[in-house]
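Student:
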Amino acid sequence: MDLPNESDLTSKEGHASVEFASDDDKSDYPTIFSHPFYNILRFTKNLPPSKNGHSSTAHLNGNKNLVPLSNWDEIMGGYCNWGIPVKTDDSSMYRKMRTQFMYGSMGRNVIPYDPYEQVHRMMAAPLERKMEKYSQSDEFLKGSSQLYVILIELHPNHTKTSGGESIDAMTPQEAKDSRHSPKVWRLVVCHADTNLDSIHDQIIAPAMGWRRHYHGYRFVLPTSGATIGPKHCDAIDMMFQEGYVWDSDKYDLRHALRKPGQKLHYNYDLGDCWRHEITLVGKVDRGSSIGLGFFGKNKFVHDELLRSSFNYRTCCNVDWPLTITKSELLAGAINCPPEDSNGCDGMGNYGTILKRGQSFKPREMGLNWSEHGIENAFDFSLTDHQIRFDEAVSHRKNPTDGKLTYITHHSSDCHGDFRDNLAGKHRKASTSHGGASEILGKKDTSKMCANCLKQQHSNTGLKLFSCGGCKTVKYCGRQCQREHWKRGHKHQCGSAKKKLAEKQEKAGTETKSTCIRHTASGCRYEVVD
1 MDLPNESDLT
11 SKEGHASVEF
21 ASDDDKSDYP
31 TIFSHPFYNI
41 LRFTKNLPPS
51 KNGHSSTAHL
61 NGNKNLVPLS
71 NWDEIMGGYC
81 NWGIPVKTDD
91 SSMYRKMRTQ
101 FMYGSMGRNV
111 IPYDPYEQVH
121 RMMAAPLERK
131 MEKYSQSDEF
141 LKGSSQLYVI
151 LIELHPNHTK
161 TSGGESIDAM
171 TPQEAKDSRH
181 SPKVWRLVVC
191 HADTNLDSIH
201 DQIIAPAMGW
211 RRHYHGYRFV
221 LPTSGATIGP
231 KHCDAIDMMF
241 QEGYVWDSDK
251 YDLRHALRKP
261 GQKLHYNYDL
271 GDCWRHEITL
281 VGKVDRGSSI
291 GLGFFGKNKF
301 VHDELLRSSF
311 NYRTCCNVDW
321 PLTITKSELL
331 AGAINCPPED
341 SNGCDGMGNY
351 GTILKRGQSF
361 KPREMGLNWS
371 EHGIENAFDF
381 SLTDHQIRFD
391 EAVSHRKNPT
401 DGKLTYITHH
411 SSDCHGDFRD
421 NLAGKHRKAS
431 TSHGGASEIL
441 GKKDTSKMCA
451 NCLKQQHSNT
461 GLKLFSCGGC
471 KTVKYCGRQC
481 QREHWKRGHK
491 HQCGSAKKKL
501 AEKQEKAGTE
511 TKSTCIRHTA
521 SGCRYEVVD
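Residue numbers for the sequence shown follow full-length UniProt numbering, beginning at 1 and rising by one.
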């Protein structure tokens, strides 16, 4: 989805203007913000991406803008910030400090959003209409029965190493190449209609090895800079979230990735800012089989899978051809970085660990490494990652990996730190930030398809119906019901129905039932008074 055109705007949207708290406040923002929005859009689309690390300047009506502006993410190679140009010098930080109480609920004026968010919302309006229109298309609706094969990569800026050093984890030729970066990557299958909040929590986090329910995140569409993230998140790093954000509960993978080869940018931990690139390798109808030829257009994945049997840095335990029926982790290499290690500005872009090789054990053991028993970056266990992945996709709540809630520590004259007031089962968690407790939940499988594991909270528009016999399991469609019947529910249905009848009898509701129809998809029973 590209930046909108002027023709996509209504007359009201095109002539909309930014409200400022005062005339003095205008100087803290790009001068283009004083123009109607159609001029801002025209300016944005004509602003060239910055090159070689130098911010671009731009022209408007023949006058050169003297302030360096950029709407392009140099590291990821795509639009950011809704494509809206922002000042790239230090003045942006001073602006935030000076104007934080001028707008919003704490502002002295009745202007609900600061100028940047106002422009974000102007840009988002036509894009949202495009999203709604696409949601009614045949291509989008077909995706509800498809699975996506996606490649998740940690950006190489986090793993780059110095050229010419001896790196025992690489071949001699790789070590000589100063541009080489060891790749941290995962190959994943997931349902196309999975919303982006669940993609973050139940797909990316367990596949990469990040700690679930710990940090904030954002998705960015690189062709437009549209930003998608959580609307309700109490992670400590959410303080770094700025501007307008679409709700990740309302958009799924089909909105973001439509054609094979398309990319989606993902930032995990808004403080450390671990950047990932997600690529759609291909679409698969559920129940179809794929072989290595499926990855022919993605040379990196194809070559890694082909070499997996003798490449110690790649793990893949798949027997080809593979029948695709549910979400699963297929392959990957190298553990993700330790949590809370300060991203690019911390432990040397993670490359300082990687270049020390397989025998090096860093002192910085992040929460994810300590909980997952990881001691070395290259000590990657695909099996362990698959176990955590299957655990995450099988139910929303995880009793062994709870949601972190931060608790403020008080002085000794106060009565504790109020942990006892937390609802539900919880326990103290050890983090570098301190003052955190885990809220532990029970497994919740009641709103999940028993066969393909789709869940109502994760998959857009999912409707479930119960088995007509035992009433104890649910399915998203007849295909799943038939498959599950053949896989064993045929033998479980009768005993489950018997238990249900006994339960009803104990409750004083005696019922008799008889099988009126026996099919491959299950028994149909008639209840007789």
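Each residue gets a CB set at the ideal place from its N, CA and C atoms; glycine is no exception. Remember, it's a predicted structure, so these values are computed and weren't measured experimentally.
By alpha-carbon positions, which one of R307, R254 and P206 ends up nearest to R388?
Tutor: By one-based count along the sequence shown, residue 388 stands at place 388. Minimum Cα distance to R388 is reached at P206.
Student: Please list, in chain order, all residues of the same chain as K250 whose beta carbon is under 8 Å from its beta carbon, the five residues on each side excluded.
Tutor: Mapped onto the sequence shown, residue 250 falls at position 250. Closer than 8 Å at Cβ, skipping near neighbours: N195.
Student: To the nearest angstrom, how far is it from the Cα of P156 to the Cα of P115?
Tutor: Locating residue 156 in the sequence shown gives position 156, counting from the first residue. Locating residue 115 in the sequence shown gives position 115, counting from the first residue. So the two alpha carbons sit approximately 34 Å from each other.
Student: Evaluate M239 with the Cβ neighbour count: other Cβ atoms within 10 Å of its Cβ, from every protein chain shown; 16 or more gives buried, anything less gives exposed.
Tutor: Residue 239 sits at position 239 when you count from the first residue of the sequence shown. M239 should be labelled exposed.
Student: Kindly identify the DSSP beta-bridge partner or partners of G282.
Tutor: Numbered from 1 along the sequence shown, position 282 holds the residue referred to as residue 282. Paired residues: V149.
Student: Does the beta carbon of G14 come closer than 7 Å to any beta carbon on chain C?
Tutor: Note that chain C does not occur in the displayed structure, where there is just one protein chain.
Student: Alpha carbon to alpha carbon, how far is D285 from K299? Give it in angstroms, no decimals.
Tutor: If you number the sequence shown from 1, residue 299 lands on position 299. If you number the sequence shown from 1, residue 285 lands on position 285. When rounded, the distance between both Cα atoms is 22 Å.
Student: From D28 to Q202, what distance separates their C-alpha atoms?
Tutor: Taking the sequence shown and counting its residues from 1, the one referred to as residue 28 is at position 28. Taking the sequence shown and counting its residues from 1, the one referred to as residue 202 is at position 202. Whole-angstrom Cα-Cα distance: 40 Å.
Student: Taking DSSP as the reference, what is the three-state secondary structure of K1?
Tutor: Taking the sequence shown and counting its residues from 1, one reaches residue 1 at position 1. It is Met, not Lys, that sits at residue 1 in the sequence shown. Reduced to three states, the DSSP call for M1 is coil.
Student: By DSSP, does D252 sit in helix, in strand, or in coil?
Tutor: The residue you call residue 252 lines up with position 252 of the sequence shown. Correct three-state label for D252: strand.
Student: On the DSSP letters alone, give me the boundaries of the beta strand (DSSP E) that L329 sits inside.
Tutor: For this step, residue 329 is matched to residue 329 along the sequence shown. From DSSP, the beta strand (DSSP E) with L329 extends over E328 to A333.
Student: Once DSSP output is grouped into helix, strand and coil, what is the label at S70?
Tutor: Numbered from 1 along the sequence shown, position 70 holds the residue referred to as residue 70. It is a strand residue.
Student: Does the beta-carbon distance from D269 to T460 come in below 7 Å?
Tutor: To locate residue 269, count along the sequence shown from 1; it is residue 269. To locate residue 460, count along the sequence shown from 1; it is residue 460. Taking 7 Å as the Cβ cut-off, D269 and T460 do not qualify as a contacting pair.
Student: With DSSP as the reference, label E277 as helix, strand or coil.
Tutor: Here residue 277 refers to the residue found at position 277 when the sequence shown is read from its first residue. In this structure, E277 counts as strand in the three-state DSSP scheme.
Student: Compare the beta carbon distance of S288 and I324 with 7 Å and say whether it is the shorter of the two.
Tutor: Taking the sequence shown and counting its residues from 1, one reaches residue 288 at position 288. Taking the sequence shown and counting its residues from 1, one reaches residue 324 at position 324. In this structure, I324 lies closer than 7 Å to S288 by Cβ.
Student: Residue 581 and K497: beta carbons closer than 7 Å?
Tutor: This structure gives no information on residue 581, because the portion of the chain shown stretches from 1 to 529.
Student: Enumerate, from N- to C-terminal direction, the unbroken alpha helix (DSSP H) stretches of 4 or more residues contained entirely within the UniProt domain "MYND-type" (449-493).
Tutor: Segments of the alpha helix (DSSP H) lying fully in the UniProt domain "MYND-type" (449-493): 478-484.
Student: Distance check for G293 and W320, CA to CA, integer angstroms please.
Tutor: Here the question's residue 320 lines up with position 320 in the sequence shown. Here the question's residue 293 lines up with position 293 in the sequence shown. About 10 Å.
Student: Run the CB neighbour count on T10, radius 10 Å, all protein chains shown included, and call it buried at 16 or more, exposed below.
Tutor: As a position in the sequence shown, residue 10 is number 10, starting the count at 1. Burial call: exposed.
Student: What did DSSP end up calling H290 once you bin it into helix, strand or coil?
Tutor: What you label residue 290 is simply residue 290 of the sequence shown in a count that begins at 1. The sequence shown places Ile at residue 290, not His. It is a strand residue.
Student: Hey, how far is the Cα of L221 from the Cα of Q504?
Tutor: Here residue 221 corresponds to residue number 221 of the sequence shown, with the count starting at 1. Here residue 504 corresponds to residue number 504 of the sequence shown, with the count starting at 1. Each residue's Cα considered, the two are about 52 Å apart.
Student: In or out: N5 buried (at least 16 other Cβ within 10 Å) or exposed?
Tutor: Translated into the one-based positions of the sequence shown, residue 5 becomes position 5. When all chains shown are included, N5 counts as exposed.
Student: State the beta-bridge partners of V86 as determined by DSSP.
Tutor: Locating residue 86 in the sequence shown gives position 86, where the first residue counts as 1. Paired residues: S70.
Student: Below 8 Å, can you find three or more Cβ-Cβ pairs linking the region 117-125 to the region 253-268?
Tutor: Result no; under three Cβ-Cβ pairs closer than 8 Å.
Student: Rounded to the nearest angstrom, what separates H385 and V188 at their Cα positions?
Tutor: Taking the first residue of the sequence shown as 1, we reach residue 385 at position 385. Taking the first residue of the sequence shown as 1, we reach residue 188 at position 188. Each residue's Cα considered, the two are about 11 Å apart.
Student: Which of the three DSSP states is assigned to Y406 in this structure?
Tutor: To locate residue 406, count along the sequence shown from 1; it is residue 406. At Y406 the pLDDT is 48, less than 50, meaning the model places this residue with poor confidence and gives no usable figure here.
Student: Roughly how many angstroms lie between the CA atoms of D390 and L382, to the nearest whole one?
Tutor: As a working mapping, residue 390 is identified with position 390 in the sequence shown. As a working mapping, residue 382 is identified with position 382 in the sequence shown. Looking at the two C-alpha atoms, the distance is approximately 12 Å.
Student: Could you give the C-beta distance for residue 618 and S224, rounded to a whole number, given that I count them as a contact under 8 Å?
Tutor: In this structure the chain extends from 1 to 529, so residue 618 is not present and cannot be described.
Student: Taking its Cβ as the centre, do 16 or more other Cβ atoms sit within 10 Å of K263, making it buried, or is it exposed?
Tutor: In the sequence shown, residue 263 corresponds to position 263, counting from 1. Result: buried.
Student: Under 8 Å by Cβ, that's how I've got R218 and V245 pegged, so tell me the actual separation to the nearest angstrom.
Tutor: Residue numbering aside, residue 218 sits at position 218 when the sequence shown is read from its first letter. Residue numbering aside, residue 245 sits at position 245 when the sequence shown is read from its first letter. Confirmed, about 7 Å.
Student: Pick out whichever of S144, F295, C273 and D234 has its Cα sitting closest to the Cα of C476.
Tutor: Taking the sequence shown and counting its residues from 1, the one referred to as residue 476 is at position 476. When each option's Cα is compared against that of C476, the closest is S144.
Student: Go ahead and label H491 buried or exposed: buried means 16 or more other beta carbons lie within 10 angstroms of its beta carbon, across all protein chains shown.
Tutor: As a position in the sequence shown, residue 491 is number 491, starting the count at 1. Per the 10 Å Cβ criterion, exposed.
Student: So, S394 versus L453, is the Cβ gap smaller than 7 Å?
Tutor: The residue you call residue 394 lines up with position 394 of the sequence shown. The residue you call residue 453 lines up with position 453 of the sequence shown. Cβ distance < 7 Å, so S394 and L453 count as in contact.
Student: Closer than 8 Å by C-beta to V86: which residues in its own chain qualify, once you throw out the five before and the five after it? Chain order, please.
Tutor: Walking along the sequence shown from the start, residue 86 turns up at place 86. Answer for V86: P30, L69, S70, N71, S92 and Y116, listed in chain order.
Student: When you compare the CB positions of C480 and V473, do they come within less than 7 Å of one another, or not?
Tutor: Taking the first residue of the sequence shown as 1, we reach residue 480 at position 480. Taking the first residue of the sequence shown as 1, we reach residue 473 at position 473. It is not a contact, given that the beta carbons lie outside the stated cut-off.
Student: Y38 lies in the alpha helix (DSSP H); which residues open and close that run?
Tutor: Position 38 of the sequence shown holds residue 38. Its alpha helix (DSSP H) spans residues F37 to N46.
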